[in-house]
Amino acid sequence: MDEEMSRTVLSVDDLHVQLTLGGRTLSPVDGVSFHVAAGESLGIVGESGSGKSLSLRAVLGLLPSGGESDGSIRFAFERGEISGDVEQVRGHGVAMVFQEPMTALNPTMRAGDLIAEAVRVRSGLSRRAAKARVIELMASVGIPDPARRARMWPHELSGGLRQRVMIAAALATEPELLLCDEPTTALDVTIQDQILGLLRRLREERGMSMVFVSHDLAVVAEVCDRVAVMYAGRIVETGPVDEVLRSPRHPYTAALLASAPSFQGGGGALATIPGSPPDPREFPSGCRFAARCAFARDDCRQAPYTLAGDEHRATACIHPEVLMEASA
Amino acid sequence: MNRYLFIAKRLALAIPLLFGIVLLVFLILKVTPGDPARLIVGLRASEAELQLVRDQLGLDDPAIVQYFRYIGDVLTGNLGYSFKSNEAVTSIIAERLPVTIWLLGFGALLSLAISVPLAITSARRPDRAFDHATRGFGLVALAMPSFWVGIILILTIALPTGWFPVGGFGETPTEHLRSIVLPALTLALSIAPLQVRSLRASIIAVLGAEYVTTARSLGVGHGRIMSKFVLRNAAPPTVSILALNIGYLLFGAVVIETTFALPGIGQGIVLAARQRDIPSIQGYTLLFAIVVVLVFLIADIITSIADPRLEVES
């Protein structure tokens, strides 16, 4: 068990993503590193444009056109280590769940047929044999009356059911690592809770590792063991979810927490973060949060980016003590 | 169930359309200058002979009576008799129709065989050498008139090799097949560029869709992504373009049948026009109109089958 826990399923080191749009090149992901141990669930939190979804997509080589990534991405599965060729891991160890279950499902393919495609990738089963497996998978993700629903088109299913179909297709490939790109953002709150519960249960049952990208700290707190907070293309803080939520060591994390209703009991006014995130075309030098930070000092604007700390907890803030003074 | 309802609705919509077409076709006879009876009996016939024919055709009846008589005739399958050969127009059409069906059918198949692989290959790597070459050849093909392409094919393939006849339709199915290759190729070359353009654009659009990313994330191979995820979503716009071009295709058939001396509908309509054989012209016009309506209907049905969401919206 110890040996199993120590295996790092996914190692991402110094990942950069370049996007070329209209002749200009941006670096929305600028030197991101993270590691996911076997059975572990890592949350990546950040606001829109922080580069969290692009980082996740880069792991499977699924960047939009005009996007290119470099950096080291290594996988260590039960069958061995793989690096360099993402085609070898898609559907063979890693699967992904997307944000918009409507656009992520092929409108001209019945729900069951999509899952059957994934079954086929994994096992090469015949259509008939795959059918039984499809219905079993649909039942396992909590789709009622799976045999009937397998024959339905995506537009005939509710948002929650569509996302369950997406999850069933991902599970059909029997992944060791499941990447989730804001899988609950497009859903109603009650459905959101059901899907989160489902993901948590599946992870426990199957011992899957997970990377869960979200803009919502509360959601990440529910399904993740560790969290990495991203801001302007970089990770600014990492650590165990409960510790980071209890005592953030980066002013950006603290500001995020202060602006989230789930962590502010009572009916008091929510804090907002003044200003807006920096334009990825011209990131400022030094700490990229400095312009919006209540605690910024002169040296923050020159500070080179490093995540100071250890495997357990790290922050990019050069003055983390200010937060402790502020809360004391 | 929904799909049958959709098809039934479209069929019902086609009925008033066909009545309108019959009216227009009837008006051909009325607005054409000259006396139809005179056309039949000839310039030297006597007044009595002329009046006899006028009575036979009911040309002295009020126009509205003639119109309803014409509708009645059309509904009972009587399209009149040729002024020239006195043959029933329906049997003239029945004789010529198979040739044109062979031409259009093989032409459409060949055009798909040419355009689908070209569109897929171009869309996989847009704006690369292959894509530019395909587009360039497409423009050239589009700019060449069918009769010229036909003649070039006869000169460069049929005559030197002797594999295909230079004209005619032959007697046996094997001969038909050999006779139809070059005309069908000519037709295919005239419509393939449009198909390539439309299909290429829709494939590129669909390749950027999130559900294609989903398929890739699941490890589905390139070939299966194309066949199961892309083509079915990319097809409807191309089917519509093909349907909208059916008029152009029928016109193409007229030119190509004349070039290759194929005894089809197109050649028939040219002959009838030259001879001022009004019942035949009416028959062909009605046939063309029905074909256009049918093709639009079939395109709608294909589109509704390809995209299940249309059932709900209809």
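So the protein lines, in turn, are chains A and B. When we follow the numbering used here, the leftmost residue of the first sequence carries the number 51, and every step to the right adds one. When we follow the numbering used here, the leftmost residue of the second sequence carries the number 136, and every step to the right adds one. The beta carbon of each residue, even a glycine, is placed where N, CA and C say it ideally should be. This structure is a prediction, so every number in the text was calculated from the model and none was measured.
1) Within 8 angstroms of any Cβ in chain B, is that where the Cβ of R140 of chain A sits?
2) Provide the residue span of the alpha helix (DSSP H) that contains S314 of chain B, from first to last.
3) Is the Cβ-Cβ distance between T365 of chain A and R299 of chain A less than 8 angstroms?
4) Which bits of chain A does S337 of chain B rub up against, with CB to CB less than 9 angstroms?
5) My output table needs one value for C350 of chain A: the three-state DSSP class, helix, strand or coil.
6) Could you name the residues of chain A that Y139 of chain B contacts, counting a contact when the two beta carbons are closer than 7 angstroms?
7) Kindly list, in the order they appear in chain B, the residues whose Cβ is closer than 8 angstroms to that of P157 of chain A.
8) Return yes when the Cβ of L334 of chain B is within less than 8 angstroms of the Cβ of A254 of chain B, no when it is not.
9) Leaving out the 5 sequence neighbours to the left and right, which residues in its chain are closer than 7 angstroms to R331 of chain A when beta-carbon positions are compared?
10) Identify the contact partners of T225 of chain B in chain D, using a Cβ-Cβ distance below 7 angstroms as the criterion.
11) Which one or two residues does DSSP pair with M280 of chain A in a beta bridge?
12) Does K165 of chain B pass the burial test, meaning 16 or more other C-beta atoms within 10 Å, or should it be called exposed?
13) Give a yes or no on whether the C-beta atoms belonging to F141 of chain B and S337 of chain B are separated by under 8 angstroms.
14) Is the Cβ of V109 of chain A closer than 8 angstroms to any Cβ of chain B?
15) Would you tell me roughly how many angstroms separate the C-alpha atoms of L60 of chain A and L377 of chain B, rounded to the nearest one?
16) If I measure Cβ to Cβ from G325 of chain A and keep anything under 8 angstroms in the same chain, skipping five residues before and after, which residues do I get?
17) Residues bridged to M260 of chain A by DSSP?
18) Determine, using beta carbons only, whether M51 of chain A comes closer than 8 angstroms to chain B.
19) Which whole runs of the beta strand (DSSP E) in the segment 117-172 of chain A are 3 residues long or more, in chain order?
20) Do L324 of chain B and I292 of chain B have their CB atoms nearer than 8 angstroms?
21) State whether the segment 102-119 of chain A contacts the segment 138-155 of chain B, with contact taken as three or more CB pairs (one from each stretch) at a distance under 8 angstroms.
22) Going by C-alpha to C-alpha distance, which of B:A258, B:V331, B:F218, B:L244 sits closest to F272 of chain B?
23) If distances are taken between C-alpha atoms only, which option among B:Q402, B:G215, B:I433 comes closest to L232 of chain B?
24) Are Q417 of chain B and L185 of chain B close, meaning C-beta to C-beta below 8 angstroms?
25) Considering only residues of the same chain and omitting the five flanking positions on each side of V171 of chain A, which have a CB-CB separation below 7 angstroms?
26) Output, in chain order, the set of chain A residues within a Cβ distance shorter than 7 angstroms of G354 of chain B.
27) Taking DSSP as the reference, what is the three-state secondary structure of F84 of chain A?
28) Pair every Cβ in the segment 411-427 of chain B with every Cβ in the segment 303-317 of chain B, then say whether three or more of these pairs are closer than 8 angstroms.
29) Consider the Cβ of F364 of chain B: report whether some Cβ of chain A lies at a distance smaller than 8 angstroms.
30) Just the Cα atoms here: how many angstroms apart are I206 of chain B and V157 of chain B?
31) Here's a check: name, in chain order, each residue in its chain whose Cβ is nearer than 7 angstroms to the Cβ of T211 of chain B, leaving out the five neighbours to either side.
32) DSSP has Y216 of chain B in a bridge; who is on the other side?
33) Where do the ends of the beta strand (DSSP E) carrying T70 of chain A lie?
34) Given a limit of 9 angstroms on CB to CB distance, which residues of the segment 110-133 of chain A reach chain B?
35) If you draw a straight line from the alpha carbon of V372 of chain A to that of A304 of chain A, how long is it in whole angstroms?
36) If you reduce the DSSP assignment to three classes, tell me which class R270 of chain B lands in.
Reading from the atomic positions:
1) Along the first sequence, read from residue 1 onward, the residue named residue 140 of chain A stands at position 90. Chain B places a beta carbon closer than 8 angstroms to that of R140 of chain A, counting this residue as a contact.
2) Your numbering for residue 314 of chain B matches position 179 in the second sequence. Under the DSSP assignment, S314 of chain B falls in the alpha helix (DSSP H) whose first and last residues are 308-342.
3) Translated into positions along the first sequence, residue 365 of chain A becomes position 315. Translated into positions along the first sequence, residue 299 of chain A becomes position 249. Against a cut-off of 8 angstroms, the Cβ pair of R299 of chain A and T365 of chain A comes out as a contact.
4) Here residue 337 of chain B refers to the residue found at position 202 of the second sequence. Result: empty, since nearest Cβ-Cβ is about 13 angstroms, beyond 9 angstroms.
5) As a first step, residue 350 of chain A is located in the first sequence; it is residue number 300 there, counting from the start. C350 of chain A falls in the helix class under three-state DSSP.
6) Position 4 of the second sequence holds residue 139 of chain B. Residues of chain A passing the Cβ test: none, with the nearest at roughly 17 angstroms.
7) Translated into positions along the first sequence, residue 157 of chain A becomes position 107. Y346, N368, D442, P443, R444, listed in chain order.
8) The residue you call residue 254 of chain B lines up with position 119 of the second sequence. The residue you call residue 334 of chain B lines up with position 199 of the second sequence. Result yes, Cβ atoms of A254 of chain B and L334 of chain B sit closer than 8 angstroms.
9) Indexing the first sequence from 1 puts residue 331 of chain A at position 281. Answer for R331 of chain A: R74, L76, listed in chain order.
10) Absent from the structure is chain D; the protein chains it does hold are A and B.
11) Translated into positions along the first sequence, residue 280 of chain A becomes position 230. The partner list for M280 of chain A (beta bridge, DSSP) reads A:I285.
12) Position 30 of the second sequence, counted from the first residue, corresponds to residue 165 of chain B. Under this definition K165 of chain B is an exposed residue.
13) Position 6 of the second sequence, counted from the start, is the residue given in the question as residue 141 of chain B. Position 202 of the second sequence, counted from the start, is the residue given in the question as residue 337 of chain B. Going by C-beta atoms, F141 of chain B is not nearer than 8 angstroms to S337 of chain B.
14) Walking along the first sequence from the start, residue 109 of chain A turns up at place 59. Chain B, which has no Cβ nearer than 8 angstroms to the Cβ of V109 of chain A, makes this no.
15) Taking the first residue of the first sequence as position 1, residue 60 of chain A is located at position 10. Taking the first residue of the second sequence as position 1, residue 377 of chain B is located at position 242. Computed Cα separation, rounded: 50 angstroms.
16) In the first sequence, counting from the first residue as 1, residue 325 of chain A sits at position 275. By the criterion of a C-beta distance shorter than 8 angstroms, G325 of chain A is surrounded in its chain by A341, R342, once the five residues flanking it on both sides are discounted.
17) Start at 1 with the first residue of the first sequence, and residue 260 of chain A comes out as number 210. Beta-bridge pairing links M260 of chain A to A:S91, A:L228.
18) As a first step, residue 51 of chain A is located in the first sequence; it is residue number 1 there, counting from the start. Reliability fails at M51 of chain A, whose pLDDT of 40 lies under 50, so the model's placement of it is uncertain and the value that follows must be treated cautiously. Chain B, which has no Cβ nearer than 8 angstroms to the Cβ of M51 of chain A, makes this no.
19) Fully enclosed beta strand (DSSP E) runs of 3 or longer: 117-127, 130-133, 144-147.
20) To locate residue 324 of chain B, count along the second sequence from 1; it is residue 189. To locate residue 292 of chain B, count along the second sequence from 1; it is residue 157. No, they are not a contact pair.
21) Judged by Cβ distances under 8 angstroms, the segment 102-119 of chain A makes no contact with the segment 138-155 of chain B, as fewer than three pairs qualify.
22) Here residue 272 of chain B is taken as the residue at index 137 of the second sequence, counted from 1. Looking at the Cα atoms, B:V331 is the closest of the given residues.
23) Translated into positions along the second sequence, residue 232 of chain B becomes position 97. Nearest option by C-alpha distance: B:Q402.
24) For the purposes of this step, residue 417 of chain B is taken as the residue at position 282 of the second sequence. For the purposes of this step, residue 185 of chain B is taken as the residue at position 50 of the second sequence. It is not a contact, given that the beta carbons lie outside the stated cut-off.
25) Working through the first sequence from its first residue, we reach residue 171 of chain A at position 121. The beta carbon of V171 of chain A is closer than 7 angstroms to those of G141, T223 in its chain, skipping five residues each way along the sequence.
26) Counted from its first residue, the second sequence places residue 354 of chain B at position 219. Per Cβ cutoff of 7 angstroms: R140, G141, H142, V171, T223.
27) Position 34 of the first sequence, counted from the first residue, corresponds to residue 84 of chain A. It is a strand residue.
28) With the cut-off at 8 angstroms, the segment 411-427 of chain B and the segment 303-317 of chain B do not touch.
29) Within the second sequence, residue 364 of chain B is the residue found at index 229, counting from 1. Output row for F364 of chain B: interface = yes.
30) Position 71 of the second sequence, counting from 1, holds the residue named residue 206 of chain B. Position 22 of the second sequence, counting from 1, holds the residue named residue 157 of chain B. Here the alpha carbons of V157 of chain B and I206 of chain B stand approximately 7 angstroms from one another.
31) Within the second sequence, the letter at position 76 stands for residue 211 of chain B. Taking T211 of chain B as the centre and dropping the five residues before and after it, the same chain places no C-beta closer than 7 angstroms to its C-beta.
32) The residue labelled residue 216 of chain B in the question sits at position 81 within the second sequence. Answer by DSSP bridge pairing, in chain order: B:A223.
33) For the purposes of this step, residue 70 of chain A is identified with residue 20 of the first sequence, where counting begins at 1. T70 of chain A -> beta strand (DSSP E) spans 58-71.
34) So the close ones are L110, G111, L112, P114, S115.
35) Taking the first residue of the first sequence as 1, we reach residue 372 of chain A at position 322. Taking the first residue of the first sequence as 1, we reach residue 304 of chain A at position 254. Going by C-alpha positions, V372 of chain A is about 11 angstroms away from A304 of chain A.
36) Taking the second sequence and counting its residues from 1, the one referred to as residue 270 of chain B is at position 135. Reduced to three states, the DSSP call for R270 of chain B is helix.
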